[in-house]
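Trainee:
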Amino acid sequence: TTISKDHEAYLGSDLLSIAREKGGIIKPAVPLVCGSLTPEVGGLLREMAALKKSASYFSGRDFSFSIKDSGVFDYNGLSWRFTDLALALSGRYQRGNAALVLGALEVTQEKFPVSEAAVREGLKTVFWPGRLEVIWQRPMVILDGAHNGEGVRALVEEMRNLQGLKNKAKLLFAAMKDKDWSLMLGELADVASEVVLTRVSMERSADPSDMAKAVPSNIPYTIIGDSREAMRFQLEKARPDDVILVTGSLYLLGEVRPLILKMRGVEARSRMAITG
76 TTISKDHEAY LGSDLLSIAR EKGGIIKPAV PLVCGSLTPE VGGLLREMAA LKKSASYFSG
136 RDFSFSIKDS GVFDYNGLSW RFTDLALALS GRYQRGNAAL VLGALEVTQE KFPVSEAAVR
196 EGLKTVFWPG RLEVIWQRPM VILDGAHNGE GVRALVEEMR NLQGLKNKAK LLFAAMKDKD
256 WSLMLGELAD VASEVVLTRV SMERSADPSD MAKAVPSNIP YTIIGDSREA MRFQLEKARP
316 DDVILVTGSL YLLGEVRPLI LKMRGVEARS RMAITG
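In structure tokens:
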């Protein structure tokens with residue numbers, strides 16, 4: 076996919092170093108298919124692929140996509156020309172990810188043939204928990220596993236464009252120590268009215284008291300050390316027209332998602348009992 080700053084302690088502190096490490100997975104004579112990259116990163120990966128006699132294919136050069144007003148998108152590849160593709164996932168960046176998948180499918184068509192009908196059905200029915208997932212409607216609860224600057228920026232852009240979103244979100248946030256949580260909180264401040272800081276049940280989890288220092292002064296925050304209690308706190312005080320955004324860590328989503336589904340089920344059963 077794209078190359079961004081993440082896991083700097085392990086991969087390197089700049090994009091080229093990170094790309095060089097990630098390029099280590101290139102296998103001899105196995106095609107390399109890449110998403111949108113900077114010219115420098117793209118050039119480096121092309122060189123690494125050439126050394127292993129691997130063909131390389133890049134978004135924007137070998138395949139592309141264009142989004143229409145209705146949210147459907149067109150794909151133009153090496154030979155495939157698909158129009159009005161419907162994708163079950165939300166977000167412009169997911170159309171880019173889908174185009175990357177189509178590029179990989181097209182490159183491997185000879186060994187793994189896939190029909191246009193199968194492509195359309197797969198895109199239309201795909202489900203990815205924790206990626207702009209609206210798990211509850213009233214209040215609207217959105218789960219997104221963004222855990223680095225690039226992911227959070229994409230999330231913020233989608234939150235701004237979300238149809239029917241009138242209010243800023245009540246943010247539930249946790250992150251790992253090795254992530255740039257200060258940057259993420261700064262980006263999320265544009266779409267947040269308040270923040271609940273928490274932690275997950277892992278030693279790697281960042282301390283909410285440390286993260287509180289990165290919350291802009293105009294945004295009120297609360298610290299609740301247990302992620303499930305923090306989620307329950309948000310849900311129990313929410314009004315029907317509120318928006319709750321849960322992000323910062325996939326581990327956070329893993330801990331609170333079962334609780335949300337359980338509470339949503341209880342609410343649904345209570346509503347049925349009242350109306351029945």
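For the sequence shown, the tail end lands on 351 under the numbering used here, and the numbers increase by one without skipping.
Just so you know, even glycine gets a beta-carbon here, dropped at the ideal spot from N, CA and C.
Every value quoted in this text rests on a predicted model; they were computed, and no experiment measured them.
In whole angstroms, what separates the C-alpha of GLU269 from that of GLY99?
Mentor: Here the question's residue 269 lines up with position 194 in the sequence shown. Here the question's residue 99 lines up with position 24 in the sequence shown. Distance between the alpha carbons of GLU269 and GLY99 is about 42 Å.
Trainee: I'd like the list of long-range same chain contacts for LEU258, defined as Cβ closer than 6 Å, with 5 residues on each side in sequence excluded.
Mentor: Locating residue 258 in the sequence shown gives position 183, where the first residue counts as 1. Scanning its chain for C-beta atoms nearer than 6 Å, with the 5 sequence neighbours on each side dropped, one finds around LEU258 the residues GLY224, in chain order.
Trainee: Since LYS245 is in the alpha helix (DSSP H), which residue starts that stretch and which ends it?
Mentor: Against the sequence shown, residue 245 aligns to sequence position 170. Unbroken run through LYS245 is the beta strand (DSSP E), 244–248; no alpha helix (DSSP H).
Trainee: Taking the beta carbon of MET277 as the centre, do at least 16 other beta carbons fall within 10 Å, making it buried, or is it exposed?
Mentor: Residue mapping note: residue 277 aligns to position 202 of the sequence shown, counting from 1. Exposed, because fewer than 16 other Cβ atoms sit within 10 Å of the Cβ of MET277.
Trainee: Closest to PHE202 by CA distance: which of ALA161, GLY118, LEU263 is it?
Mentor: Locating residue 202 in the sequence shown gives position 127, where the first residue counts as 1. Selected option, being the one with the closest Cα: ALA161.
Trainee: Looking at ILE217 and ILE310, is the spacing between their C-beta atoms short of 7 Å?
Mentor: Here the question's residue 310 lines up with position 235 in the sequence shown. Here the question's residue 217 lines up with position 142 in the sequence shown. Checking the sequence shown, residue 310 turns out to be Leu, not Ile. Cβ atoms of LEU310 and ILE217: not closer than 7 Å.
Trainee: How is PHE308 classed by DSSP in three states: helix, strand or coil?
Mentor: Taking the first residue of the sequence shown as position 1, residue 308 is located at position 233. Three-state result, PHE308: helix.
Trainee: Does THR200 come out as helix, strand or coil in the three-state DSSP assignment?
Mentor: Indexing the sequence shown from 1 puts residue 200 at position 125. Here THR200 sits in helix by DSSP.
Trainee: Going by DSSP, name the residue or residues bridged to ILE299.
Mentor: For the purposes of this step, residue 299 is identified with residue 224 of the sequence shown, where counting begins at 1. ILE299 pairs with nothing; no bridge assigned.
Trainee: Output yes or no for whether 7 Å exceeds the beta carbon distance between PHE263 and ALA287.
Mentor: As a first step, residue 263 must be located in the sequence shown, where it is residue number 188. As a first step, residue 287 must be located in the sequence shown, where it is residue number 212. The sequence given here has Leu at residue 263, not Phe. No, Cβ-Cβ distance for LEU263 and ALA287 is not below 7 Å.
Trainee: Below 8 Å on the Cβ atoms is my guess for GLY205 versus GLY226; work out the distance and round it to an integer in Å.
Mentor: On the sequence shown, position 130 is the one that residue 205 refers to. On the sequence shown, position 151 is the one that residue 226 refers to. So it is not a contact: roughly 11 Å between Cβ atoms.
Trainee: Among VAL266, ILE101, ALA289, ASP89, which has the Cα closest to the Cα of THR113?
Mentor: For the purposes of this step, residue 113 is taken as residue 38 along the sequence shown, with counting starting at 1. If we check each option's Cα against that of THR113, ASP89 comes out closest.
Trainee: Pull up the distance between the alpha-carbon of MET347 and that of ILE210, whole angstroms please.
Mentor: In the sequence shown, counting from the first residue as 1, residue 347 sits at position 272. In the sequence shown, counting from the first residue as 1, residue 210 sits at position 135. Confidence at MET347 is low in this model, with a pLDDT of 41, below 50, so the placement of that residue is unreliable and no value is reported for it.
Trainee: Taking Cβ positions, are TYR150 and LEU120 nearer each other than 7 Å?
Mentor: Residue 150 sits at position 75 when you count from the first residue of the sequence shown. Residue 120 sits at position 45 when you count from the first residue of the sequence shown. Going by C-beta atoms, TYR150 is not nearer than 7 Å to LEU120.
Trainee: Counting only runs of 3+ residues fully inside the stretch 108–135, write out the beta strand (DSSP E) ranges in chain order.
Mentor: Segments of the beta strand (DSSP E) lying fully in the stretch 108–135: 131–133.
Trainee: In the DSSP assignment, find the alpha helix (DSSP H) that holds ALA179 and state where it starts and stops.
Mentor: Translated into the one-based positions of the sequence shown, residue 179 becomes position 104. Looking at the DSSP string, the run of the alpha helix (DSSP H) that includes ALA179 is 167–182.
Trainee: From VAL290 to ILE298, what does the alpha carbon distance come to, in whole angstroms?
Mentor: Within the sequence shown, residue 290 is the residue found at index 215, counting from 1. Within the sequence shown, residue 298 is the residue found at index 223, counting from 1. When rounded, the distance between both Cα atoms is 12 Å.
Trainee: Please state if the CB of GLY166 and the CB of LEU198 are separated by a distance shorter than 7 Å.
Mentor: Here residue 198 is taken as the residue at index 123 of the sequence shown, counted from 1. Here residue 166 is taken as the residue at index 91 of the sequence shown, counted from 1. In this structure, LEU198 sits away from GLY166, with a CB-CB distance that is not shorter than 7 Å.
Trainee: Which first and last residues belong to the alpha helix (DSSP H) in which GLU262 is found?
Mentor: Position 187 of the sequence shown, counted from the start, is the residue given in the question as residue 262. Residues 256–263.
Trainee: So, at 6 Å on beta carbons, what are the nonlocal neighbours of ARG344 in its own chain, with the 5 sequence-adjacent residues on each side left out?
Mentor: Taking the first residue of the sequence shown as position 1, residue 344 is located at position 269. Residue placement at ARG344 is poorly supported in this model, since its pLDDT is 46, which falls under 50; the coordinates are not used for a value here.
Trainee: Short of 7 Å in beta carbon distance, which residues of its chain neighbour PRO315, apart from the five on each side in sequence? Order them along the chain.
Mentor: Residue 315 sits at position 240 when you count from the first residue of the sequence shown. For PRO315, where only same-chain residues beyond five positions count, the Cβ hits under 7 Å are ARG213, PRO214.
Trainee: Please report the distance separating the alpha-carbon of ASN236 from that of LEU247.
Mentor: Taking the sequence shown and counting its residues from 1, one reaches residue 236 at position 161. Taking the sequence shown and counting its residues from 1, one reaches residue 247 at position 172. Distance between the alpha carbons of ASN236 and LEU247 is about 20 Å.
Trainee: For ASP265, I'd like the list of residues in its chain whose CB is within less than 7 Å of its CB, leaving aside the five on either flank, ordered along the chain.
Mentor: Mapped onto the sequence shown, residue 265 falls at position 190. Closer than 7 Å at the Cβ level, and outside the excluded window around ASP265, lie VAL231.
Trainee: Roughly how many whole angstroms lie between the Cα atoms of SER154 and GLU304?
Mentor: Position 79 of the sequence shown, counting from 1, holds the residue named residue 154. Position 229 of the sequence shown, counting from 1, holds the residue named residue 304. Answer to the nearest angstrom: the Cα atoms are 52 Å apart.
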